[in-house]
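Undergrad: Below: one structure in structure tokens.
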């Protein structure tokens with residue numbers, strides 16, 4: 013039995029630690045996706061907006077913590093991060109950002125065919141084919157990381173930094 017498994021039903025297996033080879037493969041996919049996004053012209057801020065919006069939808073506290081810090085380091089404003097869950101109701105996001113956020117939501121909740129169609133058609137008006145593909149890959153990848161953290165119950169610790 014690994015250090016990351018416990019007899020108590022309330023304790024979770026940290027699947028990233030329990031199956032490190034699988035997790036390393038996922039991390040390698042994430043690195044390729046980051047490069048793909050950059051080469052397609054999606055800046056780091058757009059990538060982090062996707063990561064955050066998907067993590068909001070999935071309720072992944074750990075990924076929200078990680079990607080809020082990453083977005084701030086990439087130059088994102090606290091104001092925009094604060095209203096991200098209501099991005100449609102503000103004028104703070106550019107048309108390309110709105111397009112990637114809609115694609116991220118459609119990728120995360122694929123059950124709505126009409127939402128997918130609408131998001132895709134809107135995205136094609138302002139994004140290149142490479143950008144559409146990259147945005148969807150970013151959403152697919154963060155969805156996978158969300159599942160790892162949610163199912164592992166990765167903890168979020170209080171930090172004293174700003």
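Numbering (our numbering), first residue to last: 13 to 174. Glycine is no exception: its CB is placed at the ideal position from the N, C-alpha and C atoms.
Closer than 8 Å by C-beta to residue 60: which residues in its own chain qualify, once you throw out the five before and the five after it? Chain order, please.
TA: In the chain shown, residue 60 corresponds to position 48, counting from 1. Counting only Cβ-Cβ distances below 8 Å, and skipping sequence neighbours, we find 79, 82, 83, 86, 88.
Undergrad: Look at residue 143 and residue 52 and say whether their C-beta atoms are less than 9 Å apart.
TA: Along the chain shown, read from residue 1 onward, the residue named residue 143 stands at position 131. Along the chain shown, read from residue 1 onward, the residue named residue 52 stands at position 40. Taking 9 Å as the Cβ cut-off, residue 143 and residue 52 qualify as a contacting pair.
Undergrad: Measure the Cβ-Cβ separation of residue 116 and residue 147 and say whether it is below 9 Å.
TA: Position 104 of the chain shown, counted from the start, is the residue given in the question as residue 116. Position 135 of the chain shown, counted from the start, is the residue given in the question as residue 147. For residue 116 and residue 147, yes; Cβs fall inside 9 Å.
Undergrad: For residue 166 and residue 70, I'd like the C-alpha separation in whole angstroms.
TA: On the chain shown, residue 166 is found 154 positions in, with the first residue counted as 1. On the chain shown, residue 70 is found 58 positions in, with the first residue counted as 1. Distance between the alpha carbons of residue 166 and residue 70 is about 14 Å.
Undergrad: Among residues of its own chain, excluding the 5 on either side of residue 173, which ones have a beta-carbon nearer than 6 Å to its beta-carbon?
TA: Along the chain shown, read from residue 1 onward, the residue named residue 173 stands at position 161. Around residue 173: no qualifying Cβ.
Undergrad: Are the CB atoms of residue 91 and residue 76 nearer to each other than 9 Å?
TA: Position 79 of the chain shown, counted from the start, is the residue given in the question as residue 91. Position 64 of the chain shown, counted from the start, is the residue given in the question as residue 76. For residue 91 and residue 76, no; Cβs fall outside 9 Å.
Undergrad: How would you call residue 175, buried or exposed, if buried means at least 16 neighbouring beta carbons within 10 angstroms?
TA: Summary: the structure shown does not reach residue 175, with the chain confined to residues 13 through 174, and so no result is reported for it.
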